[in-house]
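S.K.: Protein chains in written order, with the numbering used here: chain B, 1 to 191; chain X, 1001 to 1191.
C-beta: ideal position from N, C-alpha, C; glycine also.
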C-alpha cells in the first residue's frame, strides 16, 4: 500500500536539498532504464528546476534525449543494494527492471517509470535542452513537473527523520558502495 | 593544530559526492566574504570540476566574478550554527569573518579564505566562465585547483565516519536550520 502523496511544486527542491543519491528513470520506444546518480542539485525554487550529471555515453541519456523526460526517484536506506547495483551495469543490453525485480508505475504526466516501494519520493522532470552544458559537463537541466513523497518521511514540505522510518532515510554515496544515511539530525541555533 | 593534508586532485570529487552543505569563500580588492550553499555537485572527476548555485544578487557572486576564484569549505557538525548564520546575512555590509570570529588562511594558489578549524575539508576553485548558465540558473562551473582534508575524517581518498570524529561529520541541509549529519553509514552488497 502506497503512502505517497503529492508534494507541492514549491517544496520540490527540498527533496534533494540535502544531497541524496537518486535513481534516474527513463523510457522511450519500448525501452526503459534506471541508473543511480550521486551528482544532482536543485537550481531554482519556483519554477522548481534541477541539474543532474548523466554521462553522455549512457543509455539513459539516449532515452532522455529521445523522450524529453526523466524521473528522479529518491531511494531509502533499504534500497542501498539496489541503488549500487543499478549504478554498476548498463541498461543497453538488459532491462534492469526485470533483472532486479523493480516495481514501477508510469508517471501520469511523462510516462517515465516511477518507484514508490522503498523510496522516499519521486519527481517527474522535463529536460530543458542545454546542448553546451550537456556536452561540456554532462550536466542536464530540467524542470520538475510533479512530485510525490512517502508521507511517513516527507510531509507538508518537511523531512521527518525518525527511528521508526529508518528504511526510508536517504542515501548519500561516499564511494565504492558505502553510503551515509540521513539518520541523525541537528538543529542550528539562531545567531 | 591543523590535521589537514593534501587531497589528490583525482579524489577531490569525493569530498562533495555525498551532497554536503558547503561554505563558499571569496575575496577581492580588500573585501572578503563567506556564505553557505546547499546546492553544489561534482560534474567531472579529472580534471576535477564542480557546479554550484550562487544567487546572482549576492556579494559572493560579485567577488567571484572580480577575482575569478572561490573556496569551497566543508563544515563539520560542530559548525552547524555558524553554517546557518553565514547563510542568513549578507556580507555586503559587514565582514562576516570578523562578525562571527572565523579564523581563515589565504589559499596559496588563489588567495581565497580557507577554513580548517571545524571543517572536514576545503577546495580552491577557479571559475570557468559560463555566462548563460550563470544568468539562467545561477549555476557556476569551476575547476578544483587544490584540495585538503582533515586526516581524521578523510584520508587516502576515503571518508572515515566514526563516533570519535562526530564533530567533523558533514552537514546536509534539510531546511530551516535543520541538518542531517553524515553519521551513520551502510555498505551495499554486490548484486
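Taking residue 1173 (chain X) as the reference, give the member of B:174, B:185, B:175 and B:168 with the closest Cα.
M.R.: B:185
S.K.: Please classify residue 1096 (chain X) as buried or exposed, where buried requires at least 16 neighbouring CB atoms within 10 angstroms.
M.R.: Answer is buried; the Cβ neighbour count reaches 16.
S.K.: Give, in chain order, every residue of the region 1150-1176 of chain X whose Cβ lies closer than 7 Å to some Cβ of chain B.
M.R.: 1158, 1159, 1161, 1172, 1173, 1174 and 1175
S.K.: Indicate whether at least one CB of chain X lies closer than 7 Å to the CB of residue 28 (chain B).
M.R.: No, because no Cβ of chain X sits closer than 7 Å to the Cβ of residue 28 (chain B).
S.K.: Where DSSP assigns a beta bridge to residue 1173 (chain X), which residues make up the other side?
M.R.: X:1179
S.K.: Candidates X:1081, X:1039 and X:1057: which alpha carbon is nearest residue 50 (chain B)'s?
M.R.: X:1039
S.K.: Verify the CB distance criterion: does residue 1184 (chain X) have a CB-CB separation below 7 Å to chain B?
M.R.: yes
S.K.: How close, in whole Å, do the beta carbons of residue 1012 (chain X) and residue 1147 (chain X) come, if the pair is a contact with beta carbons under 8 Å?
M.R.: 5 Å
S.K.: Return no unless some Cβ of chain X is closer than 7 Å to the Cβ of residue 129 (chain B).
M.R.: no
S.K.: Using CA atoms only, rank isn't needed, just tell me which of B:151, B:60, B:149 and B:41 is closest to residue 93 (chain B).
M.R.: For the residues B:151, B:60, B:149 and B:41, the minimum Cα distance to residue 93 (chain B) belongs to B:60.
S.K.: Given that a residue counts as buried once 16 or more other Cβ atoms are within 10 Å of its Cβ, and exposed if not, what is residue 163 (chain B)?
M.R.: Exposed is the call here.
S.K.: Starting from residue 1100 (chain X), trace the alpha helix (DSSP H) in both directions and tell me its first and last residue.
M.R.: Its alpha helix (DSSP H) spans residues 1096-1100.
S.K.: Please state whether the Cβ-Cβ distance between residue 141 (chain B) and residue 128 (chain B) is less than 7 Å.
M.R.: Cβ distance < 7 Å, so residue 141 (chain B) and residue 128 (chain B) count as in contact.
S.K.: Using Cβ-Cβ distances below 9 Å, what residues of the region 1014-1046 of chain X are close to chain B?
M.R.: 1014, 1016, 1017, 1018, 1019, 1020, 1021, 1038, 1039, 1040, 1041, 1042, 1043 and 1044
S.K.: Starting from the N-terminal side, write out each stretch of the beta strand (DSSP E) that is 3 residues or longer and does not extend beyond the region 96-140 of chain B.
M.R.: 119-128
S.K.: If you check the beta carbons only, do residue 151 (chain B) and residue 5 (chain B) fall under 7 Å apart?
M.R.: Going by C-beta atoms, residue 151 (chain B) is nearer than 7 Å to residue 5 (chain B).
S.K.: Among B:179, B:143 and B:121, whose alpha-carbon lies nearest the alpha-carbon of residue 160 (chain B)?
M.R.: B:121
S.K.: With a CB to CB cut of under 7 Å and the five nearest residues on each side skipped, what residues in its chain are close to residue 87 (chain B)?
M.R.: For residue 87 (chain B), where only same-chain residues beyond five positions count, the Cβ hits under 7 Å are 35 and 36.
S.K.: Confirm, please, whether the CB-CB distance from residue 138 (chain B) to residue 56 (chain B) is below 7 Å.
M.R.: yes
S.K.: What whole-angstrom Cβ distance do residue 77 (chain B) and residue 1188 (chain X) have, given they're in contact under 8 Å?
M.R.: No, residue 77 (chain B) and residue 1188 (chain X) are not in contact; Cβ-Cβ is about 10 Å, not under 8 Å.
S.K.: Which bits of chain X does residue 98 (chain B) rub up against, with CB to CB less than 8 Å?
M.R.: Near residue 98 (chain B) there are no residues of chain X at all, since even the closest Cβ is about 14 Å away, more than 8 Å.
S.K.: Compute the Euclidean distance between the alpha carbons of residue 1070 (chain X) and residue 66 (chain B), then round it to the nearest angstrom.
M.R.: 37 Å
S.K.: Going by DSSP in three states, residue 146 (chain B) sits in which element: helix, strand or coil?
M.R.: Three-state result, residue 146 (chain B): strand.
S.K.: Starting from residue 1053 (chain X), trace the beta strand (DSSP E) both ways and give me its first and last residue.
M.R.: Its beta strand (DSSP E) spans residues 1049-1053.
S.K.: List the residues that DSSP assigns as beta-bridge partners of residue 1032 (chain X).
M.R.: X:1027
S.K.: For residue 42 (chain B), tell me which candidate among X:1033, X:1054 and X:1032 has the shortest Cα-Cα distance.
M.R.: X:1054
S.K.: Measure the CB-CB distance between residue 1144 (chain X) and residue 1075 (chain X) and report whether it falls below 7 Å.
M.R.: The answer is no: Cβ separation not under 7 Å.
S.K.: Determine the chain X residues that contact residue 53 (chain B) at a beta-carbon separation under 7 Å, and present them in chain order.
M.R.: 1041 and 1043
S.K.: Run through DSSP, which three-state label would residue 1066 (chain X) get?
M.R.: helix
S.K.: Using a beta-carbon distance cut-off of less than 9 Å, what residues from the region 1065-1092 of chain X approach chain B?
M.R.: The residues in question are 1077, 1080, 1081, 1082, 1083, 1084, 1085, 1086, 1088 and 1089.
S.K.: Going along chain B in order, which residues have a C-beta closer than 7 Å to the C-beta of residue 1095 (chain X)?
M.R.: Those within 7 Å of residue 1095 (chain X) in chain B number zero; the least Cβ separation is about 15 Å.
S.K.: Do residue 1180 (chain X) and residue 182 (chain B) count as a contact pair if the criterion is CB distance below 7 Å?
M.R.: yes
S.K.: For a cutoff of 7 Å on Cβ pairs, would you count residue 1117 (chain X) as touching chain B?
M.R.: no
S.K.: Note down the Cα distance separating residue 99 (chain B) from residue 7 (chain B), rounded to an integer number of angstroms.
M.R.: 30 Å
S.K.: Determine whether the beta carbon atoms of residue 19 (chain B) and residue 1019 (chain X) lie at a separation below 7 Å.
M.R.: yes
S.K.: So the alpha helix (DSSP H) residue 1083 (chain X) belongs to, where does it begin and stop?
M.R.: DSSP places residue 1083 (chain X) in the uninterrupted alpha helix (DSSP H) bounded by 1080-1086.
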